[in-house]
Structures are given as structure tokens and as C-alpha cells.
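Here's the structure we're looking at; comments come further down.
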């Protein structure tokens, strides 16, 4: 297995939003889940995860609440707001357009 | 999220800073502890696990600082810190501060004084119809001489007489020493000054002897001493203890042709 890849620039926000959209989740689990779902290909830099979460919160796309974690400890859970859901949809559409365009270029014989 | 919720978030970061900081600390600590558990489960010793977890995070303080930067109120905190730092530095060298403050005070004061002087002399215009056409003759002449000049009518645009005098003005309840102007009936017409209330003095008022003395008061006098009373025309004011009928209030900003501030009024020679 090759080393986990750094994220494509600018995709951290949309990955976080998508992960949170499934259910409220805390920071550590976000990093784990992105890694698991991507079959260990995507490695979120832990150093940039928390500033990104705080930024998204300040922008009103996610909302933070304290809750019990799966091992009965207090953890900060992030949930998507309505504005965040709209933002996610926009980002997904834009990503699809972009990746399709890149695919077209790269697959040209 | 509505703007109100964002506002709450900002205010919270600003005024409940300790609380927010503690939450940040707790959030990051939770992350580290979870990572340690995972590392231990993978077979590391507790120390190794802790070291690896911190390494993966890349510096606790950097992360916290990164999170703080995301609060949109950082600039306020930084500004307050800067101000405090400036005050501390200034209080450490009081002599330097005193010199700096003093030179600023003198500089600003001198500029303000020069400007208000230059403004009155060079920039401010008399609030007249056509101030550039006005010629002021600074030679005092007797009233009969002026009347003759007026009758010969050799000045095509018009001729007006004025004399500034100081007198006791009793308006309302108070008596004050003020500068007024004795003016000829042509004065307001020649200068092109109108009245906001009532009428101005005209040639008709250059009356027969013993005619009822009338006066026009300045807008400021009307406002300050007579309370802007719209019925002011029915009132009389005392000039040097003699009653004068108020016939009008001059347009705002007109204080007589001497460009002086302060309540001035115009009236007929008694």
C-alpha cells in the first residue's frame, strides 16, 4: 500500500461538510472517517483539521455542541446547519464539474 | 445559520474568552487522548503513543493559534493588545510622551486657529446675492450726506448705508450687550438678503420722523434669545431701553455685512 496522499487543495472543507452531513461527529472521528471511507488513501492533516472546523463554524455552515462520546467522555460534536447543507450541495456540484473536466483532459488519448 | 447566531458566536469569542479557550483546550485534548488510545492499542508504550499523537497533530499551540485566527474577532483582541502595549510604553517614558503630546496639541491648535482665521478672512463669503460685486466704503459720512448721495442715484447697482454700533439689547428676559447695524432702507435690497420670517427693511421704512422704529433680527438672535417663536413679529425688543418693532428675521447665516459671528440685527435710524 502506498503512503496516504495529502488532500487536493481546497477539498478539505467539502470533505468535512460531507462527513458531518451523515451525523453529528467530533473532530477526531472526522479524521478517522475520512481515512476509512477513502480506504486509507486520504489523510487529513490533523493540524489543519481543527482550524478548518472553527472556520466553518464561524462561517455558519456547521454548529458545535458538546455531547457524550462513544467512550463516555465529553466531546465537541459538529453538525451541519441549513446553510451548511446548501453549501455542501454547491460544493459537490462544483467538484463534479471540476473532476469531470479534469477527467476529460487526462483521458484524451 | 442566521446572522444573529453568528453574532452570538462572535460576542462569545470576545467576551467569554476564557470559556472559549477552555473549550478549545478540551477539544484538542480529547483528540490527543483518543489518538493515544489508538496508538496504545496498536502496541506502543504510553510514552511512545503520546509522542506519536502529538507529532501527528503537529504542535498543540500552533493548532490552537490556527483556531483562534478563525474567530472573526481576533482583530479586536489584537487592537486592544496593541493599545495596551502603546500605553505601557508611553507610561515608561513620560518625558517623551509629554513632548509628543504637547507638540501634537500645539500643532493641531495652531492649525485650527490659523484655519478659522483664514476661513473668516479668505474663504467665507458673505451670504449675499453677489458678494463679489460688493464694494465697502470705509469712510464714515453723515446721514444727510448719505441721503443726498442716494437721491442723486449715481451708483447704478444701488447704494446702502450702514453703521455698526454696540448697544444693550433686551430680548425676552435678558439684556445683553451686542453689536448691531444701523442701516438705510436700501440695505437689504442692495445686498440681496431676504427674510425667513416677516419682511426685511425697505425704502418705505426710511420714514418720516417719528415713524415707528423697526428692526430685523438675525436668525441666531431669534433662535437663542426668543426661542424661535413664530409669533415674534408681534413682539418688540428694547434697544438701549427703547422699544423697536420686530418686522422680520433675516436669512440664516446673515450677521450683518461685517462677517461677524454672533447675533446682530439691523434697524432703522430712530
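Residue numbers (our numbering), protein chains in the order written: chain V, 148 to 256; chain S, 192 to 461.
For each residue, glycine too, the CB sits at the ideal point set by N, CA and C.
*May I ask you to verify whether the region 329 to 341 of chain S touches the region 383 to 391 of chain S, counting CB pairs closer than 8 Å and requiring at least 3?*
no
_Per DSSP, what are the beta-bridge partners of residue 366 (chain S) in this structure?_
S:361
*Determine the DSSP secondary structure at residue 242 (chain V), reduced to helix, strand or coil.*
helix
*Any beta-carbon of chain V closer than 8 Å to the one on residue 226 (chain S)?*
yes
_CA-to-CA distance, residue 390 (chain S) to residue 439 (chain S), given in whole angstroms_ = 5 Å
*How is residue 435 (chain S) classed by DSSP in three states: helix, strand or coil?*
Three-state result, residue 435 (chain S): strand.
*Please decide whether residue 242 (chain V) counts as near chain S, where near means a Cβ-Cβ distance under 8 Å.*
no
*When we look at the beta-carbon of residue 228 (chain S) and count the other beta-carbons within 10 Å, is it buried (16 or more) or exposed?*
exposed
*Nearest-angstrom Cα distance between residue 174 (chain V) and residue 230 (chain S)?*
Here the C-alpha atom of residue 174 (chain V) lies approximately 17 Å from the C-alpha atom of residue 230 (chain S).
*With a threshold of 16 other CB atoms inside 10 Å of the CB of residue 208 (chain V), please say whether the residue is buried or exposed.*
buried
*Please name the residue, chosen from S:296, S:254, S:232 and S:307, that lies closest to residue 195 (chain V) on a Cα-to-Cα basis.*
S:254
*Please indicate yes or no: does the CB of residue 372 (chain S) lie closer than 7 Å to some heavy atom of the ligand NAP?*
Ligands in the displayed structure: none, and consequently the ligand NAP is not present.
_Where residue 252 (chain V) sits in the DSSP three-state scheme_ = If DSSP states are grouped into helix, strand and coil, residue 252 (chain V) belongs with the helices.
*How is the alpha helix (DSSP H) around residue 271 (chain S) delimited, first residue to last?*
265 to 283
*Minimum Cβ-Cβ distance from residue 232 (chain S) to chain V less than 8 Å*: no
*Residues in its own chain within less than 8 Å of residue 164 (chain V) by CB, not counting five upstream and five downstream?*
Closer than 8 Å at the Cβ level, and outside the excluded window around residue 164 (chain V), lie 203, 208, 209, 227, 231, 234, 235 and 238.
_I'd like to check one pair, residue 397 (chain S) with residue 375 (chain S): are the Cβ atoms closer than 8 Å?_
yes
*Give the residues from the region 246 to 268 of chain S that approach chain V closer than 9 Å (Cβ to any Cβ), ordered along the chain.*
247, 248, 249, 250, 253, 254, 255, 256, 257, 258, 259, 260, 261, 262 and 263
*Sort out for me which residues DSSP pairs residue 225 (chain V) with in a bridge.*
V:172 and V:211
_In this structure, how does DSSP classify residue 372 (chain S) when only helix, strand and coil are distinguished?_
strand
*Quick one: measure Cβ to Cβ for residue 172 (chain S) and residue 324 (chain S), integer angstroms, because I've assumed they're closer than 8 Å.*
It is not possible to answer for residue 172 (chain S), since the shown part of chain S is limited to 192 through 461.
*Does the beta carbon of residue 207 (chain V) come closer than 8 Å to any beta carbon on chain S?*
yes
_Would you say residue 202 (chain V) lies against chain C (beta-carbon separation less than 8 Å)?_
No chain C is present in this structure, whose protein chains are V and S.
*Report all residues from its chain with a CB closer than 7 Å to the CB of residue 262 (chain S); omit the five preceding and five following residues, and keep chain order.*
204
*Within this structure, are the beta carbons of residue 205 (chain V) and residue 200 (chain S) separated by less than 8 Å?*
yes
*CB contact below 8 Å: residue 200 (chain S) versus chain V*: yes
*Quick one: what's residue 440 (chain S) bridged to in DSSP?*
Answer is S:388 and S:408.
*Within the 8 Å Cβ cut-off, does residue 242 (chain S) reach chain V?*
no
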